[in-house]
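Asker: Here it is: the structure, laid out below.
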Amino acid sequence: MDNQNSISPAEARTLLDTADRLSRRAHESARWPYVTFILALGTVTSFGTLGMGLTTGSAFGLTYVGTLAAFFALIVFFAVSIRGRAAFARSRRWTTYIASWFVTYGAAIAVVAWAHGSVLWSGITSGAILAVTMACASYEARR
Amino acid sequence: MTTTNQAPVHPRHRLDGHLLNPVRFSIMAALDRATTLGFREVRDAVEVTDSALSKQVALLETAGYVAVGKAFTGKTPRTSLTVTREGRTAWRAHLAALQEIADPS
């Protein structure tokens, strides 16, 4: 490859504009199902675990079933919306987002199981799910 | 005491040879923000044929700028392209050289 090619300042500006436009377009067309998914995942599991942590009896059952139904609906939405596309499928960034959600979700489920009825711990862990997923979605949306 | 008088090097000498090709330049641009994209997404962004994209991706892979991942969804093969750390460094340096050419002051 010839590095001696002279590129004029105008050509260089055009190349920089092209690179920026292409980068934004490729990212925007691919990221929206992922950003929507992580936002909805955080909201559903945060309020679901909060409800499960603070209710008993049939209210608990309804919250449990409702959270599961919303979760599976979300999985179906995601599978349909990314069908045929592999964006981020193996990216380290998305693995980190999902791992972060999983850790906070695990903590919230632990509270449901072992500290049921604790407003403080339910609030902290469910709030953590919401905070982490919102932070991940915001980071991705601003890239 | 010795002094060395080195002539300033024009930023064009810092342009990356692999990225002077317009298709390879566009592939790296498409992967810049997303980091990982599917083959079809890159093809649609760059607007080239599958074969032209494959050829240029192979060259970028050989240069160590892009990692190609293969997976199957059912029986359908899915190819993903990920910009490597080396590729990102080269891309940033290339853009910096272009920026210097565009705005020499």
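First to last, the sequence lines map onto chains V and L. Residue 100 in the numbering used here sits at position 100 of the first sequence, with consecutive numbering throughout. Residue 1098 in the numbering used here sits at position 98 of the second sequence, with consecutive numbering throughout. The beta-carbon is built from N, C-alpha and C at its ideal position, and this holds for glycine as well.
#1: Which residues in the same chain as residue 1003/L place their Cβ atom closer than 8 Å to its Cβ, once the five residues preceding and following it in sequence are excluded?
#2: Taking only beta-carbon atoms, is residue 116/V less than 8 Å away from chain L?
#3: Which same chain residues end up closer than 6 Å to residue 1036/L when comparing Cβ atoms and leaving out the 5 residues on each side of it in sequence?
#4: By the 8 Å beta-carbon criterion, what residues does the segment 32 to 62 of chain V contribute toward chain L?
#5: Taking only runs that begin and end inside the segment 1030 to 1094 of chain L, name each unbroken alpha helix (DSSP H) of 4 or more residues, in chain order.
#6: Compute the Euclidean distance between the alpha carbons of residue 135/V and residue 82/V, then round it to the nearest angstrom.
#7: Within 10 angstroms of its Cβ, does residue 1064/L collect 16 or more other Cβ (buried), or is it exposed?
#8: How would you label residue 1/V, buried or exposed, when you count the other beta carbons within 10 angstroms and need 16 or more for buried?
#9: Closest to residue 1039/L by CA distance: which of 1087/L, 1077/L, 1102/L and 1099/L is it?
#10: Should residue 23/V be flagged as near chain L, meaning a C-beta pair shorter than 8 Å?
#11: Taking buried to mean at least 16 other C-beta atoms within 10 Å of its own C-beta, is residue 1030/L buried or exposed?
#12: So that I know if they touch, is there some Cβ in chain V lying closer than 8 Å to that of residue 1056/L?
#13: Nearer than 7 Å: is that true of the beta carbon of residue 107/V relative to any heavy atom of the ligand GTP?
#14: With 8 Å set as the bound, which would you pick, yes or no: does the beta-carbon of residue 142/V sit closer than that to a beta-carbon of chain L?
#15: Please say whether residue 23/V and residue 1032/L have beta carbons closer to each other than 8 Å?
#16: Distance check for residue 1017/L and residue 1084/L, CA to CA, integer angstroms please.
#17: Roughly how many angstroms separate the alpha carbons of residue 99/V and residue 1105/L, rounded to a whole number?
#18: Could you name the residues of the same chain whose beta carbon sits closer than 8 Å to that of residue 101/V, not counting the 5 residues immediately before and after it, in chain order?
Answerer: Well, looking at it:
#1: With a pLDDT of only 49 at residue 1003/L, under the threshold of 50, the placement of this residue in the model should not be trusted, and no figure is reported.
#2: no
#3: 1080 and 1082
#4: none
#5: Listed in chain order, they are 1039 to 1046 and 1050 to 1063.
#6: One C-alpha to the other measures close to 22 Å.
#7: exposed
#8: Confidence at residue 1/V is low in this model, with a pLDDT of 44, below 50, so the placement of that residue is unreliable and no value is reported for it.
#9: Per the Cα distances, 1077/L.
#10: yes
#11: buried
#12: no
#13: In terms of ligand content, the structure shown is empty, and the ligand GTP therefore cannot be addressed.
#14: no
#15: yes
#16: 17 Å
#17: 45 Å
#18: 38, 41, 42, 45, 129, 132, 133 and 136
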